[in-house]
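*Asks:* So the sequence shown is numbered by the numbering used here: it starts at 42 and just counts up by one.
Beta carbons: idealized from backbone N, C-alpha and C, even for Gly.
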Amino acid sequence: MTSISSSTTFKVKKTTITKTTGKKIGKGVGAKKKAAQRGTAPPLRGSELNRPEKVIALKELDEEGKKERIVILLRRALGENTVIEKSKPRSASTTRDRSCAAADLAVATKALGIPFVLKKCEVLSTLQRMLFPDGLQSLFNNMSIGSTTGSSLRPSSSSVSLASMDNDSVSGATSVNSGGTDSKRGKTTPPNAREGSLLIIRALCEIVGKPVEPYVVTGFLASALDECGSSVSAVREAAEDTSTALVALASPWSFPCLIFPMLLISLKSTEWRVKFNALERVSQCATTTATHQVNHMLPKLIPEITSQVFDTKAQVGKAAGTALLNICQTCSNPDVLPAIPAVVKAICKPSETFKAVEELMHTTFVAAVDAPTLSILCPVLARALKEKLALRKRSACLVIKNMSRLVESPGAVAPFGPLLVPELQKVANNVQFEEIRDAALSALANLTKALGDAYDAEKADAARKAAMEVENARVEAEQAIIEEERLAGKKKEDAV
């Protein structure tokens with residue numbers, strides 16, 4: 042008889058159970074599928090004016106008949122029920138119906154003329170009333186186009202948010218649940234009407250094209266960016282597609298004076314979707330529509346985009362990294378182009394700073410170094426000068442020394458003097474190795490020569506102190522507001 046002890050082992054054949062449903066089981070319990078990013082929207086197509094003979098029949102109508110037909114198409118696009126044939130039952134307006142009506146309206150605009158449809162038939166005024174009820178003039182009176190500091194697209198109604206972009210009371214930090222529903226954000230226009238208005242603007246951009254640019258790009262781009270924060274998915278998708286069409290239609294020369302300020306204002310929004318869409322539009326301008334203009338605006342663009350890289354919302358941070366790479370690749374300096382991916386990675390991930398400096402160490406500077414190139418390199422070099430290891434500081438000093446020899450003009454490097462000069466002075470005075478101190482002094486001499494009279498150390502120190510005082514005052518004011526709110530809440534609790 043066989044005895045069984047603690048050392049006895051048994052072999053059990055493992056049986057696998059297969060399901061015949063054809064579905065794959067995810068890894069772990071509750072595994073979620075990664076959401077796919079929206080692709081390019083299909084072009085809008087009409088349902089009534091989709092044939093040449095129908096367009097000819099529209100042209101043959103008298104003026105009153107044309108106006109009546111335009112009004113019917115406009116009401117359909119805005120989601121209103123219109124009864125043409127009484128024998129047919131009414132049906133609720135869908136996104137497809139509104140898209141077709143918007144495309145038909147754009148075809149009619151192209152056939153009958155922009156002034157007749159947009160002005161005489163009051164289509165433009167209706168769109169303005171739907172998207173910003175206070176009117177286009179009040180929008181630009183209250184929005185500081187030339188200034189981007191202290192502005193924000195506030196999560197409230199279109200008219201209020203666009204009219205109060207100068208207000209400093211809203212923080213630029215992203216809040217996941219900041220806006221809530223459209224009703225809580227103060228939206229009074231029905232979602233169907235807002236979606237239809239955006240679809241009409243997009244159809245005008247795609248079907249009519251360049252002739253309609255002066256009518257739609259000016260104010261409707263700001264409204265489209267604002268509607269990207271809507272709680273209604275249909276309105277949000279229409280706003281994203283409309284903003285893409287508006288940026289594609291706009292002239293490249295409108296980027297510095299119109300599109301760029303609006304995008305920077307959108308980056309101050311508390312709605313993460315508004316930020317995300319603004320960053321995608323920056324990438325669109327850099328890669329397709331306004332590459333040359335983006336290159337010239339790099340000194341102003343890079344600090345604003347960099348501040349979004351570390352946003353609390355992952356989608357915003359990823360979009361900021363992509364936008365930063367796209368705008369930096371517009372650099373016209375052929376010597377720096379191979380090192381740009383490493384430099385951008387170092388901006389997004391500070392631990393990669395030395396790898397970027399090593400890439401720059403292998404760069405031979407031959408072409409002139411202009412302001413856009415300096416705006417890409419100087420933040421990483423300034424961070425490298427603060428490294429703990431002295432050898433890494435030496436590498437940064439050598440790059441600055443070689444780069445400073447080919448600076449285009451003192452004005453190009455002047456904004457970056459306060460960033461590099463103090464750090465080089467610290468290395469020259471505090472590092473114990475003589476070779477590294479000599480490298481810092483040599484880099485400082487070349488940089489000072491490149492700066493010429495454009496950099497004044499005393500003025501730079503005074504400006505730095507003034508900025509610190511302003512920042513401290515702002516922090517103290519915020520702390521006082523938080524303390525007041527805490528005390529008020531405590532009093533309410535005590536009263537209860």
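Helix, strand or coil: which one does DSSP assign to V377?
*Replies:* Residue 377 sits at position 336 when you count from the first residue of the sequence shown. Three-state DSSP puts V377 in coil, outside helix and strand.
*Asks:* What is the DSSP secondary structure of V537, counted as helix, strand or coil?
*Replies:* By 1-based counting over the sequence shown, the position of residue 537 is 496. If DSSP states are grouped into helix, strand and coil, V537 belongs with coil.
*Asks:* Using only the alpha-carbon positions, how far apart do N509 and R515 sit?
*Replies:* In the sequence shown, the residue the question calls residue 509 occupies position 468. In the sequence shown, the residue the question calls residue 515 occupies position 474. According to the sequence displayed, residue 509 carries Met and not Asn. Distance between the alpha carbons of M509 and R515: 10 Å.
*Asks:* Taking the Cβ atom as the reference point for each residue, do R92 and A144 lie within a distance shorter than 7 Å?
*Replies:* Along the sequence shown, read from residue 1 onward, the residue named residue 92 stands at position 51. Along the sequence shown, read from residue 1 onward, the residue named residue 144 stands at position 103. In this structure, A144 does not lie closer than 7 Å to R92 by Cβ.
*Asks:* Under 8 Å by Cβ, that's how I've got L240 and A118 pegged, so tell me the actual separation to the nearest angstrom.
*Replies:* For the purposes of this step, residue 240 is identified with residue 199 of the sequence shown, where counting begins at 1. For the purposes of this step, residue 118 is identified with residue 77 of the sequence shown, where counting begins at 1. Correct: roughly 6 Å between the Cβ atoms.
*Asks:* In its own chain, which residues sit with a C-beta less than 8 Å from the C-beta of E449, not counting the 5 before and 5 after it?
*Replies:* Taking the first residue of the sequence shown as 1, we reach residue 449 at position 408. So the list reads A409, V410, D411, A412, once near-sequence residues are dropped.
*Asks:* Going by the CB atoms, is the gap between G250 and R314 shorter than 7 Å?
*Replies:* Here residue 314 corresponds to residue number 273 of the sequence shown, with the count starting at 1. Here residue 250 corresponds to residue number 209 of the sequence shown, with the count starting at 1. Against a cut-off of 7 Å, the Cβ pair of G250 and R314 comes out as no contact.
*Asks:* Ordered along the chain, which non-local residues of its own chain (more than five positions away) have a Cβ less than 6 Å from that of I186?
*Replies:* In the sequence shown, residue 186 corresponds to position 145, counting from 1. In this predicted model, I186 has a pLDDT of only 40, less than 50, meaning its place in the structure is not dependable; the value taken from the coordinates is given anyway. So the list reads P302, once near-sequence residues are dropped.
*Asks:* With the cut-off set at 7 Å, would you say F457 and C419 are in Cβ contact?
*Replies:* Your numbering for residue 457 matches position 416 in the sequence shown. Your numbering for residue 419 matches position 378 in the sequence shown. Contact: yes.
*Asks:* Among L90, L488, F261, F406, whose alpha-carbon lies nearest the alpha-carbon of E281?
*Replies:* Numbered from its first residue, the sequence shown carries residue 281 at position 240. E281 has its Cα closest to that of F261, out of L90, L488, F261, F406.
*Asks:* Take K386 as the anchor and find which of N374, C369, P375 has the nearest alpha-carbon.
*Replies:* Position 345 of the sequence shown holds residue 386. Among N374, C369, P375, the Cα nearest to that of K386 is on C369.
*Asks:* In this structure, how does DSSP classify V448 when only helix, strand and coil are distinguished?
*Replies:* Within the sequence shown, numbered from 1, the residue matching residue 448 stands at position 407. Note: V448 maps to strand in three-state DSSP.
*Asks:* Mapping the DSSP letters down to three states, classify V407 as helix, strand or coil.
*Replies:* Counting from 1 along the sequence shown, the entry for residue 407 is found at position 366. If DSSP states are grouped into helix, strand and coil, V407 belongs with coil.
*Asks:* Can you tell me which of P459, A244, I522 puts its alpha carbon nearest to the alpha carbon of A289?
*Replies:* Within the sequence shown, numbered from 1, the residue matching residue 289 stands at position 248. Minimum Cα distance to A289 is reached at A244.
*Asks:* Is C298 buried or exposed, if buried means 16 or more other CB atoms sit within 10 Å of its CB?
*Replies:* Taking the first residue of the sequence shown as 1, we reach residue 298 at position 257. Exposed, because fewer than 16 other Cβ atoms sit within 10 Å of the Cβ of C298.
*Asks:* If you count every other CB in all the chains shown that lies within 10 Å of the CB of A265, and 16 or more means buried, which is it?
*Replies:* Within the sequence shown, the letter at position 224 stands for residue 265. Classification of A265: buried, given that the 10 Å Cβ count is 16 or more.
*Asks:* Give the range of the alpha helix (DSSP H) segment to which T150 is assigned.
*Replies:* As a first step, residue 150 is located in the sequence shown; it is residue number 109 there, counting from the start. Unbroken alpha helix (DSSP H) run through T150: 136-153.
*Asks:* From V258 to L461, what distance separates their C-alpha atoms?
*Replies:* If you number the sequence shown from 1, residue 258 lands on position 217. If you number the sequence shown from 1, residue 461 lands on position 420. Near 40 Å, if we compare the C-alpha coordinates of L461 and V258.
*Asks:* Taking the C-alpha atoms as reference points, what is the distance between M444 and L415?
*Replies:* Against the sequence shown, residue 444 aligns to sequence position 403. Against the sequence shown, residue 415 aligns to sequence position 374. So the two alpha carbons sit approximately 9 Å from each other.
*Asks:* By the 10 Å Cβ neighbour count, where 16 or more other Cβ atoms means buried, how is N336 classified, buried or exposed?
*Replies:* The residue labelled residue 336 in the question sits at position 295 within the sequence shown. N336 is buried by the Cβ-count criterion.
*Asks:* At the level of alpha carbons, what is the spacing between F351 and G452?
*Replies:* Counted from its first residue, the sequence shown places residue 351 at position 310. Counted from its first residue, the sequence shown places residue 452 at position 411. C-alpha separation (whole angstroms): 30 Å.
*Asks:* Does DSSP classify A361 as helix, strand or coil?
*Replies:* Within the sequence shown, residue 361 is the residue found at index 320, counting from 1. In this structure, A361 counts as helix in the three-state DSSP scheme.
*Asks:* First and last residue of the alpha helix (DSSP H) that includes I300?
*Replies:* Residue 300 sits at position 259 when you count from the first residue of the sequence shown. Counting along the chain, I300 falls outside any alpha helix (DSSP H), and DSSP gives it neither H nor E.
*Asks:* Roughly how many angstroms separate the alpha carbons of E400 and L153, rounded to a whole number?
*Replies:* For the purposes of this step, residue 400 is taken as residue 359 along the sequence shown, with counting starting at 1. For the purposes of this step, residue 153 is taken as residue 112 along the sequence shown, with counting starting at 1. Their Cα atoms are separated by approximately 59 Å.
*Asks:* Helix or strand or just coil, what does DSSP make of M509?
*Replies:* Residue mapping note: residue 509 aligns to position 468 of the sequence shown, counting from 1. Correct three-state label for M509: helix.
*Asks:* What's the call for E89, buried or exposed, on a 16-neighbour Cβ count within 10 Å?
*Replies:* For the purposes of this step, residue 89 is taken as the residue at position 48 of the sequence shown. It counts as buried.
*Asks:* Indicate the three-state DSSP secondary structure (helix, strand or coil) for L90 in the structure shown.
*Replies:* By 1-based counting over the sequence shown, the position of residue 90 is 49. Reduced to three states, the DSSP call for L90 is coil.
*Asks:* Can you grab the Cα-Cα spacing for the pair T285 / R322, in whole Å?
*Replies:* As a first step, residue 285 is located in the sequence shown; it is residue number 244 there, counting from the start. As a first step, residue 322 is located in the sequence shown; it is residue number 281 there, counting from the start. Their Cα atoms are separated by approximately 7 Å.
*Asks:* Taking its Cβ as the centre, do 16 or more other Cβ atoms sit within 10 Å of L146, making it buried, or is it exposed?
*Replies:* Within the sequence shown, residue 146 is the residue found at index 105, counting from 1. It is buried - the Cβ of L146 has at least 16 other Cβ atoms within 10 Å.
*Asks:* Ends of the alpha helix (DSSP H) at V335?
*Replies:* Stepping through the sequence shown from its first residue, residue 335 is reached at position 294. Unbroken alpha helix (DSSP H) run through V335: 332-337.
*Asks:* Using alpha carbons as the reference points, say which of I111, A518, D138 lies closest to G120.
*Replies:* Residue numbering aside, residue 120 sits at position 79 when the sequence shown is read from its first letter. Of I111, A518, D138, the residue nearest in Cα terms is D138.
*Asks:* So, with DSSP's three-state summary, where would you put F157?
*Replies:* In the sequence shown, residue 157 corresponds to position 116, counting from 1. If DSSP states are grouped into helix, strand and coil, F157 belongs with the helices.
*Asks:* How many Å lie between I242 and T353 at the Cα?
*Replies:* Within the sequence shown, residue 242 is the residue found at index 201, counting from 1. Within the sequence shown, residue 353 is the residue found at index 312, counting from 1. The alpha-carbon atoms of I242 and T353 are separated by roughly 33 Å.
*Asks:* If you draw a straight line from the C-alpha of T347 to the C-alpha of A275, how long is it?
*Replies:* The residue given as residue 347 occupies position 306 in the sequence shown. The residue given as residue 275 occupies position 234 in the sequence shown. Approximately 31 Å between the Cα atoms of the pair.
*Asks:* For T332, which residues of its own chain have a beta-carbon under 6 Å away from its beta-carbon, when the five flanking residues on both sides are left out?
*Replies:* Against the sequence shown, residue 332 aligns to sequence position 291. Around T332: T371.
*Asks:* DSSP three-state call for E312: helix, strand or coil?
*Replies:* As a working note, residue 312 is residue 271 in the sequence shown. In this structure, E312 counts as coil in the three-state DSSP scheme.
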